[in-house]
């Protein structure tokens, strides 16, 4: 039985254009900013499309008593394209919706607010259950594939989790725990360190990050020493942690610093560091480029490593999965990463 009830608004140009999604690459969390409005209130509002001041909608609305899916999950909802997407994987266009970006590639979920402007605990818990079902249905990772509207366009939504990003992180951790039955590694480390080295994570920018990148390069990771802790640095950190029996969370704390300074580069170097995120058809970015370089090295040609997960990369990945006796689904995940690592780095 689904966590939500399907109760679709009528097809119309402002809130349900009946455009088809190109795929579900991310799940987007919003808040209604409408104190006291319930899921049913919002169904009625978007169903009465003639009164809408502009095009807007979302797929699912959640309140303290129910969750309503008002736009079918294989259709576009107007929820996250107020500005061009800052997340490359969500950028997209279609002949029927030019520059639709995140509206073409994601599902939007709105959390309803109480009269006092807060989220009711039951609303939060029900929303977690909604995301568990969506992650399971679309084979997404709660820690990397649930994003805020803010992360896509910098809109202040959901405002309580923009001003308090730790609350959003805690939400994703709870979704992960419900889905996997275990606490995610990223929720385990302390946020303070007893050493003199600062804790670093994705988004950090400092001379300490330059130091980190220099240490990682001694182990063959070939990073730009620019002081910006981006996805390539995070992937290198995770790969290093995995090889040294550390918690694989991409966060550089006391234990990771200690191992970086004491381990032998000769024993650790990876010619082809591999991304630790899920990748699939339609994705773009540096992680895809790393995957392509490794596939080419392994003898499964996907052409030039251009960072675009297109048909050639899909074909090459499926061929590799078939050769490694893996599930041939064309999705790069942990088992595929492990098999590819063994092929090109050992």
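Numbering (the working numbering), first residue to last: 153 to 498. No residue lacks a Cβ here, since even glycine has one placed at the ideal position from N, Cα and C. Please read these numbers as outputs of a predicted model, since none were measured by experiment.
**OP:** Specify the secondary structure class of residue 456 as computed by DSSP and reduced to three states.
**Re:** By 1-based counting over the chain shown, the position of residue 456 is 304. Here residue 456 sits in coil by DSSP.
Subject >> For residue 172 and residue 272, the rounded distance between their alpha carbons >> reply: Stepping through the chain shown from its first residue, residue 272 is reached at position 120. Stepping through the chain shown from its first residue, residue 172 is reached at position 20. Roughly 33 Å between the two C-alpha positions.
Original post:
Taking the C-alpha atoms as reference points, what is the distance between residue 484 and residue 431?
Top reply: Within the chain shown, residue 484 is the residue found at index 332, counting from 1. Within the chain shown, residue 431 is the residue found at index 279, counting from 1. Roughly 5 Å separates the two Cα atoms.
Original post:
If you draw a straight line from the alpha carbon of residue 218 to that of residue 443, how long is it in whole angstroms?
Top reply: Numbered from 1 along the chain shown, position 66 holds the residue referred to as residue 218. Numbered from 1 along the chain shown, position 291 holds the residue referred to as residue 443. Taking the straight line joining both Cα atoms gives about 41 Å.
Original post:
Which residues in the same chain as residue 237 place their Cβ atom closer than 6 Å to its Cβ, once the five residues preceding and following it in sequence are excluded?
Top reply: In the chain shown, residue 237 corresponds to position 85, counting from 1. Once the five neighbours on either side are set aside, the close Cβ partners of residue 237 are 243, 253, 254 and 304.
Subject >> Backbone CA spacing between residue 427 and residue 296 [nearest angstrom] >> reply: Working through the chain shown from its first residue, we reach residue 427 at position 275. Working through the chain shown from its first residue, we reach residue 296 at position 144. Computed Cα separation, rounded: 12 Å.
Original post:
Where does residue 237 fall in DSSP's three states?
Top reply: Walking along the chain shown from the start, residue 237 turns up at place 85. The answer is coil: DSSP assigns residue 237 none of H, G, I, E or B.
Original post:
What do you get for residue 425, buried or exposed, if any count of 16 or more other CB atoms within 10 angstroms of its CB means buried?
Top reply: Locating residue 425 in the chain shown gives position 273, counting from the first residue. Label assigned to residue 425: buried.
Original post:
Would you say the stretch 325-332 touches the stretch 351-368, given that touching needs at least three Cβ pairs under 8 Å?
Top reply: no
Subject >> residue 279 and residue 261 closer than 8 Å at C-beta >> reply: Here residue 279 refers to the residue found at position 127 of the chain shown. Here residue 261 refers to the residue found at position 109 of the chain shown. Yes, they are a contact pair.
Original post:
Are the Cβ atoms of residue 309 and residue 182 separated by less than 8 Å?
Top reply: As a working mapping, residue 309 is identified with position 157 in the chain shown. As a working mapping, residue 182 is identified with position 30 in the chain shown. In this structure, residue 182 lies closer than 8 Å to residue 309 by Cβ.
**OP:** May I have the straight-line CA-CA distance separating residue 205 from residue 211, to the nearest angstrom?
**Re:** Position 53 of the chain shown, counting from 1, holds the residue named residue 205. Position 59 of the chain shown, counting from 1, holds the residue named residue 211. Distance between the alpha carbons of residue 205 and residue 211 is about 19 Å.
**OP:** Take the Cβ of residue 499 as the centre, count every other Cβ of all protein chains shown within 10 Å, and call the residue buried at 16 or more, exposed below.
**Re:** Missing from the structure shown is residue 499; the chain here goes from 153 to 498 and no further.
**OP:** Taking only the alpha-carbon atoms, compute the straight-line gap between residue 160 and residue 277 and give it to the nearest angstrom.
**Re:** On the chain shown, residue 160 is found 8 positions in, with the first residue counted as 1. On the chain shown, residue 277 is found 125 positions in, with the first residue counted as 1. Cα to Cα, the separation comes out at about 23 Å.
Subject >> Presumed contact (8 Å Cβ cut-off) between residue 434 and residue 251, rounded CB distance >> reply: Within the chain shown, residue 434 is the residue found at index 282, counting from 1. Within the chain shown, residue 251 is the residue found at index 99, counting from 1. Not quite, the Cβ-Cβ distance comes to about 16 Å (not below 8 Å), so this is no contact.
Original post:
Ordered along the chain, which non-local residues of its own chain (more than five positions away) have a Cβ less than 7 Å from that of residue 415?
Top reply: As a working mapping, residue 415 is identified with position 263 in the chain shown. Only 396 meet the Cβ criterion.
Subject >> Element boundaries [beta strand (DSSP E), containing residue 261] >> reply: On the chain shown, residue 261 is found 109 positions in, with the first residue counted as 1. 258-263 is the span of the beta strand (DSSP E), which, as asked, contains residue 261.
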